[in-house]
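Single-structure report; data block below.
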Amino acid sequence: MQGVTTHSQHPSPADDPHPEPEHRTAFAQASDDLQRHRPPSPVWGDERDAVSIALEWAATHTALASDPKATARSAHDLHAEVGETITAGGIGAERAMELFDEVLLPATRASDDPMNLAYIPAAPTRAAVAFDTVVSAANVFGGLWEGGAGAIFAENQVLRWLADLLGWPADAAGVFVSGGTNGNLSALATAREHARRTRGGKPAGGWALACASTAHSSVSSAARLLDMEVVMVPVDANGHLTGQALEPLLAADERICAVVASGGTTNAGIVDDIASVVEVAHRHGAWVHVDGAYGGAALTAPSARHRFDGIEEADSFIVDPHKWLFAPYDCCALLYRDPRPAAAAHAQHAAYLDSINRGESNPADLAAHLSRRTRGLPLWYSLATHGTDAYTAAVERCLATARTVAGAIKASEHLELLLEPELSVVVFRRRGWDQDAYRTWSRRLAKDGVMLCVPTAYQGEPALRLAFVNPSVEADAVIEVLTTTMGEADGS
Ligand SMILES: Cc1ncc(COP(=O)(O)O)c(C=O)c1O
Numbered sequence: 001m002q003g004v005t006t007h008s009q010h011p012s013p014a015d016d017p018h019p020e021p022e023h024r025t026a027f028a029q030a031s032d033d034l035q036r037h038r039p040p041s042p043v044w045g046d047e048r049d050a051v052s053i054a055l056e057w058a059a060t061h062t063a064l065a066s067d068p069k070a071t072a073r074s075a076h077d078l079h080a081e082v083g084e085t086i087t088a089g090g091i092g093a094e095r096a097m098e099l100f101d102e103v104l105l106p107a108t109r110a111s112d113d114p115m116n117l118a119y120i121p122a123a124p125t126r127a128a129v130a131f132d133t134v135v136s137a138a139n140v141f142g143g144l145w146e147g148g149a150g151a152i153f154a155e156n157q158v159l160r161w162l163a164d165l166l167g168w169p170a171d172a173a174g175v176f177v178s179g180g181t182n183g184n185l186s187a188l189a190t191a192r193e194h195a196r197r198t199r200g201g202k203p204a205g206g207w208a209l210a211c212a213s214t215a216h217s218s219v220s221s222a223a224r225l226l227d228m229e230v231v232m233v234p235v236d237a238n239g240h241l242t243g244q245a246l247e248p249l250l251a252a253d254e255r256i257c258a259v260v261a262s263g264g265t266t267n268a269g270i271v272d273d274i275a276s277v278v279e280v281a282h283r284h285g286a287w288v289h290v291d292g293a294y295g296g297a298a299l300t301a302p303s304a305r306h307r308f309d310g311i312e313e314a315d316s317f318i319v320d321p322h323k324w325l326f327a328p329y330d331c332c333a334l335l336y337r338d339p340r341p342a343a344a345a346h347a348q349h350a351a352y353l354d355s356i357n358r359g360e361s362n363p364a365d366l367a368a369h370l371s372r373r374t375r376g377l378p379l380w381y382s383l384a385t386h387g388t389d390a391y392t393a394a395v396e397r398c399l400a401t402a403r404t405v406a407g408a409i410k411a412s413e414h415l416e417l418l419l420e421p422e423l424s425v426v427v428f429r430r431r432g433w434d435q436d437a438y439r440t441w442s443r444r445l446a447k448d449g450v451m452l453c454v455p456t457a458y459q460g461e462p463a464l465r466l467a468f469v470n471p472s473v474e475a476d477a478v479i480e481v482l483t484t485t486m487g488e489a490d491g492s
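Read in the UniProt record's numbering, the sequence shown has 266 at position 266, and its numbers run on one by one without any break.
Structure below.
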């Protein structure tokens with residue numbers, strides 16, 4: 001088991017051979033000097049072994065490469081190996097950690113392996129991953145300013161950086177939620193409530209939202225939960241939602257109170273024509289939400305920023321830093337150009353909440369939640385550590401990798417590029433292969449830990465896609481795998 005040792009004896013601060021680090025708060029320093037540590041709990045004891053085991057594992061693991069062959073196993077198999085871990089007397093920290101390290105974690109996918117190019121993988125910085133542990137240790141209640149002011153202040157600086165990238169005004173505001181699904185749901189709940197308040201109630205037939213069929217599945221799921229109908233807008237020849245296609249639908253259907261544009265579709269990385277969508281939607285009094293869960297990170301990249309033109313006037317926006325802004329799970333930044341409609345939709349009221357200062361920045365007011373961990377802080381720490389220029393460089397590197405791989409696919413005899421990548425997703429076809437051949441090829445490469453690339457469909461036809469969100473990916477390594485494994489005739 002990596003890096004797990006037990007410590008039954010801890011030196012007291014007075015015996016500590018190491019000088020006190022200078023970065024401790026005066027309170028922490030004074031507590032150490034007085035040996036004013038948490039007293040052992042009458043129930044849990046001092047838990048020192050459990051703490052050391054977990055933190056030492058975390059420190060070691062953060063520095064290690066992940067195993068590309070790690071993969072899911074059946075619950076039956078896992079039970080046979082792990083047995084019952086929840087028992088009246090407990091199995092002890094050492095055993096629990098051992099099971100996690102040796103059996104449970106190896107049965108999960110290495111989402112940040114550089115050759116994991118399936119779905120939308122992950123590539124958090126080590127700084128962000130390490131700080132996630134700090135966030136847990138700090139255990140801040142991040143729902144309300146009075147409980148989490150300092151931590152919320154830091155999150156808000158990150159949100160301000162994002163608002164500046166969007167070109168939004170000084171009073172734009174946002175909140176970190178668990179993921180794009182919650183971000184889209186919260187934004188669309190705001191849009192619907194805003195329409196109810198400003199349009200004088202529900203239209204006959206209920207509310208509807210408009211989006212393209214390429215919008216993420218979480219948009220339909222939000223519509224279902226919000227009892228809104230989804231009006232599908234046809235896309236143009238290049239797969240974009242446009243104002244032109246939206247216009248007749250909005251003119252004919254007063255139920256549509258919100259339009260969702262994609263700032264990078266998941267399947268193909270297409271950015272809708274946000275400028276024309278905003279112009280038409282606003283002329284018809286509809287809210288515009290931009291789902292940049294995957295692609296919003298490209299706002300940092302000068303070579304791709306123009307694709308988001310018009311976003312300056314959108315009403316709400318999400319980006320998942322756990323996708324392409326190098327933060328660990330789970331983290332979605334949800335921003336509102338004007339946060340007042342969000343507060344009107346989401347702020348919770350109860351006798352015991354009445355003393356809250358609503359003039360402060362209260363993250364609970366802007367989404368469907370009350371208690372929350374300050375999950376924007378790993379991104380804050382990483383951004384503060386590395387600087388925003390490094391983020392631009394990292395995103396540009398992924399974009400360049402996608403362009404290089406797309407170029408090699410175009411030049412290859414066996415492969416066909418299905419569209420020029422707008423962002424960092426490359427969609428292509430192996431001439432002569434069907435869905436079964438793709439599946440066989442994909443499984444073999446995954447099993448051997450060579451590369452993770454799963455089949456998809458593009459314009460109704462089987463295809464493959466590669467998603468580049470990890471700046472450690474080497475284009476040449478990907479091209480080499482495609483060249484050596486896809487020249488084979490049958491894909492087996
Ligand atoms: C464009 C887009 N929107 C929303 C989501 C949902 O995000 P999450 O999985 O964080 O809930 C995804 C996930 O892949 C996505 O790609």
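For each residue, glycine too, the CB sits at the ideal point set by N, CA and C.
Since the structure is predicted, the reported quantities are computational estimates derived from the model, not experimental observations.
First through last residue of the beta strand (DSSP E) which encompasses residue i
i      : result
Ile256 : 256 to 262
Ile324 : Here residue 324 turns out to be Trp, not Ile, going by the sequence shown. Taken as a continuous stretch (DSSP letters only), Trp324 belongs to no beta strand (DSSP E), being part of the alpha helix (DSSP H) at 321 to 324.
Met232 : 229 to 233
Leu209 : 208 to 212
Val175 : 173 to 177
Reduced DSSP category for residue i - H, G, I as helix; E, B as strand; rest coil
i      : result
Ala72  : coil
Thr25  : coil
Pro421 : coil
His369 : coil
Tyr294 : coil
Met451 : coil
Glu312 : helix
Asn238 : coil
Met486 : helix
Ala123 : coil
Contacts around residue i, its chain only, beta-carbon distance under 7 Å, and the 5 residues preceding and following it disregarded
i      : result
His10  : With a pLDDT of only 41 at His10, under the threshold of 50, the placement of this residue in the model should not be trusted; the figure read from the coordinates follows. Hits under 7 Å: Arg48.
Leu377 : Phe131, Val135, Ala151, Ala154, Glu155
Gly487 : His414
With 16 other Cβ atoms within 10 Å as the buried cut-off, status of residue i
i      : result
Trp44  : exposed
Pro17  : Low confidence applies here, because Pro17 scores a pLDDT of 48, under 50, leaving its location unreliable and the question unanswered by this model.
Gly460 : exposed
Pro234 : exposed
Lys410 : exposed
Thr252 : One point to set straight first is that residue 252 is Ala, not Thr, in the sequence displayed. Classification of Ala252: exposed, given that the 10 Å Cβ count is below 16.
Ile311 : buried
Ser492 : Bear in mind that the predicted position of Ser492 carries a pLDDT of just 44, short of 50, making it unreliable; the figure below should be weighed with that in mind. Classification of Ser492: exposed, given that the 10 Å Cβ count is below 16.
Asn357 : exposed
His79  : exposed
Tyr352 : exposed
Pro40  : exposed
Sequence-distant residues of the same chain with beta carbon closer than 6 Å to residue i, five excluded per side
i      : result
Ala406 : Leu417, Pro421, Val426
Leu482 : none
Met232 : Ser213
Ala237 : none
Own chain partners of residue i with C-beta closer than 8 Å, once the 5 adjacent residues on each side are dropped
i      : result
Arg36  : Ala30
Ala314 : Leu166, Ala261, Ile274, Val278, Val288, His289, Val290, Arg337
Arg403 : Pro421
Extent of the continuous alpha helix (DSSP H) to which residue i belongs
i      : result
Val51  : 48 to 63
Arg160 : 145 to 166
Phe131 : 126 to 138
Gly407 : 388 to 411
Contact under 8 Å by Cβ, residue i with residue j
i      : j      : result
Ala118 : Leu188 : no
Val280 : Leu250 : yes
Arg126 : Thr71  : no
Val319 : Thr401 : no
Phe176 : Arg375 : yes
Thr85  : Leu99  : yes
Asp330 : Ser178 : yes
Gly183 : Ala293 : yes
Ser361 : Thr190 : no
Ile256 : Ala208 : yes
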